[in-house]
Amino acid sequence: MKLKFSRVFDAPRVALWSAMLDPAVLARVIPGVERFETVGEDTYDATLKVGVPAVKGEYQGQVSIRDKVRGGDGPYSYVLEGGGQGQQGWAKGEARIEFSDAGPGTRLDVDADVQVGGRIAGVGQRMIEGVAKIMAEEFFAAFDRELKRKRTGAGGSVAFFLRAALRFLRGLFTRRSPGRSS
Amino acid sequence: MIAERFDYQSPTRLADALRLLAADPDGTRPLSGGMTLVPMMTLGLAAPEHIVDLKRIPELGGIHEEPDAVRIGATATHHDIATDPRVRLHAPLLADAAALVGDVQVRNRGTIGGSIAHADPAANYLPALLALDAVIEARAKRGGLLRNATRSRRIPIGEFFAGLMATCLAAGEIVAAVHVPKQLAATHQGAAFRKFARVKGNFPIVCAAALVERQSSGERAGCVAIGGALPIPVRIALPGGQAAWAAGEVETAIRQAIDDPMSDANASADYRLEMAAVHGARAVEAACRALDDGERSA
Amino acid sequence: MRQPVRITVNGRELEADADTRKLLVNLLRDDLELTGTHFGCGTGTCGACTVMLNGRCVKSCCVLAVDADGAELLTIEGVANDAPHPVQQALAECHGVQCGFCTPGMVLSAIELLQDNPAPSDAEIREALAGNLCRCTGYVNIVAAVQLAATRMAQGDA
Amino acid sequence: MGYIGQRIPGRNNLRLARGAGQFTADVQMPNPCFMALVRSPYAHAEIEHVDVSAAQGLPGVIDIATAAEVAQATRPFSFARPPEVEVNLADMDGKRLREYALAERWVGYSGRPVAAVVAEDPNTAAEAAERVAVQYRELPVVASAEDALKPGSPGAIPGWNDNLVFHTRYAKGDAASAIAKAPGVITGRVQVQRHVPVPLEPRAFVADYSTRTGRLTMYASTQMPHTDRSILAGALGMASEDVQVIQPDVGGGFGCKVPGSDEEVLVAFFARRLERPVRWTEERSEYFLACGHARETWFDFEAGYREDGKLLALRIDAVADIGLPFGAWVQSSVTAYCLPCGYAVDHCEVSMRSVVTNKCKWGGYRGFGKEAASFCMERIMDRIADAAGLDRVEVRLCNFIPADAFPYGQVSGALLDSGNYQGAMAKLLALVDQEAFRQEQAAARTNGRCLGLGIGFELTPEGCSMPNSDFLQGWDGATVRMDPGGRVTVLTGVTSPGSGNETGIAMIVADELGVPLDTVTVVQGDTDRCPYGLGNFSSRSLMIGGSAALAAARELREKLLSVGAKMLDADPEDLELANGEIRVAAAPAPPAADAPRNPGGPAWSVPIRRVARKIYSHAFGAETAHVEPGLESTRYFRIGNVHHQPETEGRLSFYPTWPFMAVAVVVEVDVETGFVEVLRCAAVHDCGTVVNPTLVEANTHGGIAQGLGAALYEELLHDDAAQLLTTTLMDYTLPTAVEMPAELSVAHQETPTAATPLGAKGAGESGVAGPMAAVASAVEDALGVEGLALMTLPLKPERVWRSIREVAGAVQMGETA
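Protein chains in written order, with the working numbering: chain A, 1 to 182; chain B, 1001 to 1298; chain C, 2001 to 2158; chain D, 3001 to 3817.
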């Protein structure tokens, strides 16, 4: 399944580029990350939990970055690749992420190809595209938060506490319940 | 064949159920009719560690008439709702939606609370409840030390759905009932429900619920709600200020309201959008006809 | 995890100790050897596992066995004693049976229909049987059989 | 009057309606254990590692088998290749594929069994299967025939130089130059989707093995018990005598319950290894993933025609996506074999490439490839009619093989035994008042409703008999025995998957022996009891099995008459058997019949049971000493009109009888949504002599339901990675009672065949192709949009809606409707 998304961020291209290669950031912005460990250059072992609230699958696999293009006047780009297996089957995806100037900010174009297989493909086809879109939204939203956090100079203990408190409160009110059967 | 082990409890007191749900919200699933959850477990898509059955809790069942609304308990079945005289009288739109869920056996077992909480965007009830401005009564265990303290809140249906199969219910919180405001008499209000599916009993590709009324000025007002087109159901207010809607006007309003429709193997995005427009307009047309008939008979 | 289940099946009170994972259809078939209730799809679609639970038809592949605790069940084995039920008799005579796998579920759905609506139209019969798939008959003779049974039952009442 | 030709409902009906059917999963055995399978989630992958440790530790788990153990204890097999004989249909052009019940190192489709688990209860077995961890290394997937045929395709099967498994070609005349010279030429592509039979009963197997006897007993939901026995014995390295296959009631087969499945061999493997009953019942998702698919074929055609609609020349280049080359992929060759079906074409070229992909193998499905051929030809007829501006029925009538031209040899070598296609069409038109419909259509149109009438014709050859095949043979055996009390037992090698042939066979035997129908018992589906036979496929059970039973009954009849003649002191020539007695033909009507013919002399008649008693109890008496003792006969019947002696160009006649059906449907199409509703359906069916109209009609009703399903609803969808997206009945849409037309009628025409003694042809596969074609035709008729051609199935709403919009002028049409 091929999907395209784009979003303009209020940050310069270089900043965005380096943030998006930072494993610590990736661990926070890739939706559903439960575990994210560096195992080599631009290669990470990961556990991802994705789906809709009623149907979430856990996938163990690898995430890696390749084909980095940087420099010159043209847009920067790289390919984020990942895949894993779980009880519900397997999932893999490849996203070419392109960074181009958009005024003072940067435009991110994501050109993704997502595939799922096994049980989830056979019974969840009504949901798959929706889940991919949700993940894209979550990815962008999380990334936005990252940038804001960078700008506000995160790291201080007070800021950390406030952020944690905020997250807790938000979680309290927006947490999605596991769906109920009819 | 369900593969994963779980324990099953079927409390008769609401407080007990809520306490069980709060104990391990991630690992616990409330069970009602089971028409979705049990097959999901059979197919290996859901593997809860604990099941809390809500069917034996009196507060969650039954259909009661209130002054301005009908309170439908979460465990009322589709069959109950489709045939209950109070629902038929005061919320015929909902009764019609219930009558078109699945097939006889599904309607005998499946419940409205389960359908709402599962929040499948194509479920019949969602647009009907949206058109009727229903209010969800949610219950959860209250924090703190009181063992049996529960908290209740009312959520307007328009704020209830948070995304694809996602609701604003907090962890451990359940749908306890739906309060459905009474429709006006047939002389003043017309309603219609439409379901579009490959075969009649299937999950719909889209469904639509329309509600129209004649205002004292003689102008028509109303809304149409569409399920199945977007990750959450969408309610569209119909253009006001006129005695009738021109050809294509309703379709246009629906098309404008639906940005980036969903697609799957049964219907691609552009087709789904078009079906939302066509069936939404047909629902409105039928609702107008019902209103005309009601006015005539008055 | 196992839990006791007490149910009344076809008028007999029974007790079983069931794995919570066990579906009602399997409890009936495997533990109680009531094999007239068939397993066909596991998703509540085909209706081969239809039984009456507290007086109304349900698909027993979507009911946990433990959830049926306290319920009163009617299965195909219980719909008639010596003489067949008029629906069964009519299905046999109209050749509304081929492989017979869907038939018990069809019988129960038809019985529920005729309880609610003793003189259904063809369209109402089709609607009432929409939750029971058949792959052999094209439903033609089944609809005719339910119609015949309705007529006979009405005459019997008169 | 005899039973043949009478309307007699199925003899098992009441038992089944009371829930007293005994299906395989209903078979109870003491202390059973349950199998569950681990299946590959990848369509094409290498298996790197299988870790069963987490499953092994679970309480309740009895045994786990890996591929290596299975490969050691069994031999490779498949439906097409029993290991006990040296036929190897998959061994084409040096391409080999040897597979065991569990995939060893390589999986070629998603759903392929990789490991198997046995536990004390089914839930624990499923749980253990979940715990088996398999490490795969993905290989490039060939997801479609289109991709498979591309030069440089990665290859669906490693080591094969291309993805072509078989290329069937037939030609007569010079199609290319005839098309070049033809006044009119049309081209196009017809596409039939991949779909499946979906019998309501999932596959099920229950096996037990006794070390004391060394025998394996297998209860199987199968269509072919003896074939099944061969496969199991071969796969397990046992003598077939030590394997008993019992087929209890079968909840529908439609071709997919042919033997040779991985699952069945695994059940047998475990039963022997554990010396304990092992059960397996398929989950519906496993059915969709792995039981066997069918029909996915496209046809590129080029047809030259005359102004009057006469087809002058035809070229068809067909491609079938057969998935992996096990199972019943030979269906694609049958498709080619049937073309151009019931139409006479002087210049004809047919090419069919059977192409492998990383999808599930094909299983049999009602029609066995004939339905795709008929659908293709019907679409071509409609396109000619449209292009030439002629009536669609007229074009068919002018192209049908004339009734006086039978037997008729088709381009493939097919020898069409008998037919009267014009007659069937004429009878259909008499049932369907076209003129009245046109008025109804016009009236509906003024109300914004689009009604359409479509006509379809199908040719459904039956009794398949392939040369050098261990399964597809046009002969079968039957034993008829009468006990000393005069009751008759028929043991047949053919079986019933629920279609009712046991009732038809009993009628044939009862007539031949002159006994009441309820004294005849038919026993099927037990390899220990029944004579060797080939079971149920290709509508052969009544046509071939019934003929074998007739032959055996005839032998018994002669013996009864011979003894009866002595008992009545009459000439056998003067006797008749009827109503349970042998009587002198000139006998007065009862009750005087049993009176003596003259005082003190012999009687007019004697009950058959007394004759039987005499043969058993008085074998040395004056009346019986001239005949062999006992009342039992086993006979085999070989059907006519099969020619395996190759004629020129190696063509064969392997279908002996050619039933056909003309069908009309009326649909309503919602122009705004593309939704199609079938309102009415009428058919005229011809399967030669009709033994029991009730059974033939009921079968045809079911065929029509499956034809309408194929036309409108059913479709297996795969994504680009060959992942099946429709693995439940929630997504694989079947018609319910609501979708079936409110009016459905089947009438008969009887054009007997010379290939069977009764003139009966097969009737089990009828009704599928005609409605597929008629629905497509009717939808076009309803829309009345010039240039609209619905060539791809199924006609799901979106496809119809899109087709309307793709054709110029359609938009206005939508607005006016």
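We put the beta carbon where it would ideally sit given N, CA and C, even for glycine. Predicted model only: the values in this text are computed from it and were never measured.
Sub-9 Å separation of residue i and residue j beta-carbons
i, j, result
"threonine 3694/D", "tryptophan 3801/D", "no"
"glycine 2096/C", "threonine 2151/C", "no"
"alanine 3722/D", "alanine 3207/D", "no"
"threonine 2075/C", "threonine 2037/C", "yes"
"glutamate 1066/B", "alanine 1176/B", "no"
"leucine 2024/C", "alanine 2065/C", "yes"
"alanine 3126/D", "isoleucine 1002/B", "yes"
"alanine 3055/D", "alanine 3129/D", "yes"
"methionine 2052/C", "leucine 2114/C", "no"
Any C-beta of chain A under 9 Å from that of residue i
i, result
"tyrosine 3042/D", "yes"
"serine 3285/D", "yes"
"tyrosine 3136/D", "yes"
"alanine 3721/D", "yes"
"aspartate 3731/D", "yes"
Proximal residues of chain D, C-beta to C-beta of residue i below 8 Å
i, result
"valine 2063/C", "Ordered by position in chain D, no residue passes the 8 Å Cβ test against valine 2063/C, which lies about 15 Å from the chain."
"valine 2051/C", "Per Cβ cutoff of 8 Å: no residues; valine 2051/C is ~11 Å from chain D at best."
"glycine 89/A", "Pro3041"
Below-9 Å beta-carbon distance, residue i vs any chain C residue
i, result
"alanine 1003/B", "yes"
"alanine 3017/D", "yes"
"leucine 3139/D", "no"
Any C-beta of chain D under 9 Å from that of residue i
i, result
"leucine 172/A", "Summary for leucine 172/A: the model assigns pLDDT 47, below 50, so the residue's position carries little reliability, and this model does not support an answer."
"glutamine 85/A", "yes"
"leucine 1273/B", "no"
Residue span of the beta strand (DSSP E) that contains residue i, given as start and end
i, result
"tyrosine 3170/D", "3164-3172"
"glutamate 3349/D", "3347-3356"
Limits of the unbroken alpha helix (DSSP H) element including residue i
i, result
"glycine 3504/D", "3501-3513"
"arginine 3609/D", "3608-3617"
"serine 3210/D", "Counting along the chain, serine 3210/D falls outside any alpha helix (DSSP H), though it belongs to the beta strand (DSSP E) covering 3204-3210."
9 Å Cβ cutoff, residue i in contact with chain B
i, result
"methionine 2001/C", "yes"
"proline 12/A", "no"
"valine 3807/D", "no"
"serine 2109/C", "yes"
"lysine 92/A", "no"
"glutamate 129/A", "yes"
"arginine 176/A", "For arginine 176/A, the predicted structure reports a pLDDT of 43, less than 50, and the residue's modelled location is therefore unreliable. A value from the coordinates is still provided. True, the Cβ-Cβ gap to chain B drops below 9 Å."
Per-residue contacts from residue i into chain D (C-beta, under 9 Å)
i, result
"glycine 1201/B", "Thr3736 and Val3738"
Partner residues on chain C for residue i, Cβ-Cβ distance less than 7 Å
i, result
"proline 3797/D", "Those do not exist, as proline 3797/D stays about 18 Å from chain C at its closest Cβ, beyond 7 Å."
Listed by chain order, chain A residues near residue i by CB distance under 9 Å
i, result
"alanine 3436/D", "Here the premise fails: no neighbours, minimum Cβ distance about 43 Å."
"arginine 1080/B", "A small correction: the amino acid at residue 1080/B is aspartate; arginine does not occupy that position in the sequence shown. By Cβ distance, chain A contributes nothing, its closest Cβ being about 13 Å from aspartate 1080/B, past 9 Å."
Heavy atom of the ligand FMN within 8 Å of residue i beta-carbon
i, result
"glycine 1144/B", "With respect to small molecules bound, the structure shown includes none, and the ligand FMN cannot be examined in it."
Contacts that residue i makes with chain C (C-beta to C-beta distance below 8 Å)
i, result
"glycine 1034/B", "Cys2062, Val2063, Leu2064 and Asp2067"
"glycine 2941/D", "Here chain D has residues from 3001 to 3817 only, and residue 2941/D is not among them."
"threonine 3281/D", "Phe2039"
Contacts of residue i in chain B (Cβ-Cβ under 7 Å)
i, result
"valine 52/A", "Leu1164, Met1165 and Ala1166"
Open item on the list: If the cut-off is 8 Å on Cβ atoms, which residues from the stretch 2137-2158 of chain C count as contacting chain D, listed in chain order?
Closed with: Thr2137, Gly2138, Tyr2139, Val2140, Asn2141, Ile2142 and Val2143
Q) Quick one, which residues of the stretch 3678-3702 of chain D are near chain C if we go by CB-CB under 7 Å, in chain order? A) Thr3694, Ala3698, His3701 and Gly3702
Residues from the stretch 100-122 of chain A in contact with chain D, defined by Cβ distance under 8 Å
Gln115, Val116, Gly117, Gly118, Arg119, Ala121 and Gly122
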